[in-house]
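Count the sequence shown with my numbering and you get residues 123 to 218, in order.
What follows is a set of notes on a single structure, which appears directly below.
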Amino acid sequence: FKALNLDVTDTKTLFQLIDTDESEEVDIQEFLEGCYALQGQARSIDTKIMRLQLQYLIEKVERIHMQIDENVVGALIPRKSPLQVIGLAAVEGSCD
């Protein structure tokens, strides 16, 4: 790992990154390709791309959260049936 300039302090994450077919096993081909792909430090552009992707995900989760809140509040507020609305309109109209 040192020869490839890989930080292996988090072995579980390293395994997940190398196990590309998600078989929970790493064969020699996955191991070699994974180590090669992970070697070296992240470039500045890689970090910026990750930040943009993360920001997009945060905004999307916030929108979903707001939609859920609106649906929950809407479900809690009793709604009038169309007959109630018509009945109220007829009563209000007769007062004029």
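Each residue gets a CB set at the ideal place from its N, CA and C atoms; glycine is no exception.
So what does DSSP say about residue i, is it helix, strand or coil?
| i | result |
| --- | --- |
| Val195 | helix |
| Asp168 | helix |
| Leu136 | helix |
| Glu181 | helix |
Would you kindly work out how many angstroms separate the C-alpha atoms of residue i and residue j, rounded to a whole number?
| i | j | result |
| --- | --- | --- |
| Phe137 | Lys182 | 29 Å |
| Tyr158 | Thr135 | 16 Å |
| Val148 | Leu160 | 15 Å |
Grab the span of the alpha helix (DSSP H) containing residue i for me, first residue to last.
| i | result |
| --- | --- |
| Glu155 | 150 to 160 |
Give a yes or no on whether the C-beta atoms belonging to residue i and residue j are separated by under 9 Å.
| i | j | result |
| --- | --- | --- |
| Asp143 | Glu155 | no |
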